[in-house]
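Please read the structure below before turning to the comments.
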Amino acid sequence: RELLRGTGEAIGQHWLVSAGGTREPLDPVRFIGNRSSGKQGVEVALAAARHGANVTLLAANISQQILAPAQRDPRIRIVETPSAEDLEHAVREYGPDAGVIVMAAAVADYRTPQKSATKITKESADAPVLRLELVETPDILAGLVERRSAGQTLVGFAAETPSEGETLVQRAVAKRRRKGADLLAANEVGWSRGFEQDDNHLIVIDVDDEVVADVAGTKRETADALVAVILGHISAP
Ligand code: CTP
Ligand code: CA
Numbered sequence: 171r172e173l174l175r176g177t178g179e180a181i182g183q184h185w186l187v188s189a190g191g192t193r194e195p196l197d198p199v200r201f202i203g204n205r206s207s208g209k210q211g212v213e214v215a216l217a218a219a220r221h222g223a224n225v226t227l228l229a230a231n232i233s234q235q236i237l238a239p240a241q242r243d244p245r246i247r248i249v250e251t252p253s254a255e256d257l258e259h260a261v262r263e264y265g266p267d268a269g270v271i272v273m274a275a276a277v278a279d280y281r282t283p284q285k286s287a288t289k290i291t292k293e294s295a296d297a298p299v300l301r302l303e304l305v306e307t308p309d310i311l312a313g314l315v316e317r318r319s320a321g322q323t324l325v326g327f328a329a330e331t332p333s334e335g336e337t338l339v340q341r342a343v344a345k346r347r348r349k350g351a352d353l354l355a356a357n358e359v360g361w362s363r364g365f366e367q368d369d370n371h372l373i374v375i376d377v378d379d380e381v382v383a384d385v386a387g388t389k390r391e392t393a394d395a396l397v398a399v400i401l402g403h404i405s406a407p
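Going by the UniProt record's numbering, the sequence shown opens with residue 171, and the numbers climb by one from there.
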């Protein structure tokens, strides 16, 4: 209970939190994006700050309304990272000295190899089909695991749409292993689930494949639970 009120046990720690969803430009007016609003990631940054952490929040296309509480928090510094490439550069800059890194942002998996200098027009395509070539973006979290600084805690996020016959826990356990993160927070999403909502259902998996948190509540409550797990992990690694 103590933990949830904020005890200042993260004082002096630097936390790096990414939030929102990246946009990959196609041409000067268009992009490929995703539905992540940034609410859950911003709540993680606010929760860490309540415990006394100095937080760098990497914000990928988060609305002014959602970002406002973080802007008012003196413990939070905000760096805008609209694209996967911007986010990758910022993580390289701010990552090495962070004790905790939470990758809550939805990072694009693919981007165009070259963005067009001018608008893609219908004239230029072999209408009625437009073929886009996309290449994989680097996996930022995997890079962090590879270059991990001493004592660093790395936390991944996953928004999953489990198919029939598999559970969210199974998908989350598999993803944590694949990523090599210390902890993985996962929630189920769908057409009308998870995005832009105030409530969430979050589970957290640790390195022993255990479900160490299972919380349904507001995104503030689920963020508090995740931060409590992370603080526990730091004090008893
Ligand atoms: N992530 C990342 N860099 C990427 C893609 C994802 O750092 N290029 C991070 C996300 O921020 C998140 C975690 O990896 O913390 C899991 O993201 P997710 O999209 O669920 O995993 P993927 O490995 O991309 O798998 P999937 O095919 O399910 O999208
Ligand atoms: Ca992905």
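Idealized CB from N, CA, C, for every residue including glycine.
These numbers were taken from a predicted model, which means no experiment stands behind them.
Spatial distance of L354 from K292 (CA atoms): Walking along the sequence shown from the start, residue 354 turns up at place 184. Walking along the sequence shown from the start, residue 292 turns up at place 122. The alpha-carbon separation between L354 and K292 amounts to approximately 43 Å.
Meets three-Cβ-pair contact criterion under 8 Å: the segment 178–192 and the segment 225–234: yes
Cα-Cα separation, D379 to V199: Here the question's residue 379 lines up with position 209 in the sequence shown. Here the question's residue 199 lines up with position 29 in the sequence shown. Their Cα atoms are separated by approximately 44 Å.
Supposed contact pair I310 and E258 - C-beta distance, whole angstroms, cut 8 Å: Locating residue 258 in the sequence shown gives position 88, where the first residue counts as 1. Locating residue 310 in the sequence shown gives position 140, where the first residue counts as 1. Indeed they touch by this definition, with Cβ atoms about 5 Å apart.
R363 - DSSP class collapsed to helix/strand/coil: Against the sequence shown, residue 363 aligns to sequence position 193. R363: strand per DSSP, three-state reduction.
Cβ-heavy atom distance, G326 to ligand 4, below 7 Å: As far as ligands go, the structure on display features ligand 1 and ligand 2 and does not contain ligand 4.
Proximity test, S188 beta-carbon vs ligand 1 heavy atom, cut-off 7 Å: For this step, residue 188 is matched to residue 18 along the sequence shown. Distances from the CB of S188 to the heavy atoms of ligand 1 include at least one below 7 Å.
Residue environment, K289, which counts as buried when at least 16 other CB atoms sit within 10 Å: Along the sequence shown, read from residue 1 onward, the residue named residue 289 stands at position 119. With fewer than 16 other Cβ atoms within 10 Å, it is exposed.
Where S253 sits in the DSSP three-state scheme: Within the sequence shown, numbered from 1, the residue matching residue 253 stands at position 83. Here DSSP, grouped into helix, strand and coil, assigns S253 to coil.
Under the three-state DSSP convention, the category P298 falls into: Along the sequence shown, read from residue 1 onward, the residue named residue 298 stands at position 128. DSSP places P298 in coil when its eight states are reduced to three.
Cβ-heavy atom distance, D376 to ligand 2, below 7 Å: Position 206 of the sequence shown holds residue 376. For ligand 2, not one heavy atom lies less than 7 Å from the Cβ of D376.
Exposure of V325, with buried meaning 16 or more beta-carbon neighbours within 10 Å: Numbered from 1 along the sequence shown, position 155 holds the residue referred to as residue 325. Using a 10 angstroms sphere on the CB of V325, the tally of other CB atoms reaches 16 or more, which defines it as buried.
Pairwise C-alpha distance: P266 and H403: Mapped onto the sequence shown, residue 403 falls at position 233. Mapped onto the sequence shown, residue 266 falls at position 96. When rounded, the distance between both Cα atoms is 19 Å.
C-beta atoms of A329 and R341 nearer than 8 Å: Working through the sequence shown from its first residue, we reach residue 329 at position 159. Working through the sequence shown from its first residue, we reach residue 341 at position 171. Not a contact, by the Cβ cut-off of 8 Å.
For S253, the nearest candidate out of K285, T226, A223 (CA to CA): Position 83 of the sequence shown, counted from the start, is the residue given in the question as residue 253. When only C-alpha atoms are compared, the closest one is K285.
Cβ contact (3+ pairs, closer than 8 Å) linking the segment 334–350 and the segment 303–319: yes
Distance cut-off 7 Å: D279 Cβ against heavy atoms of ligand 2: As a position in the sequence shown, residue 279 is number 109, starting the count at 1. Yes, ligand 2 has a heavy atom inside 7 Å of this Cβ.
Complete beta strand (DSSP E) runs within the segment 189–225 (minimum length 3 residues, chain order): 194–197, 200–202
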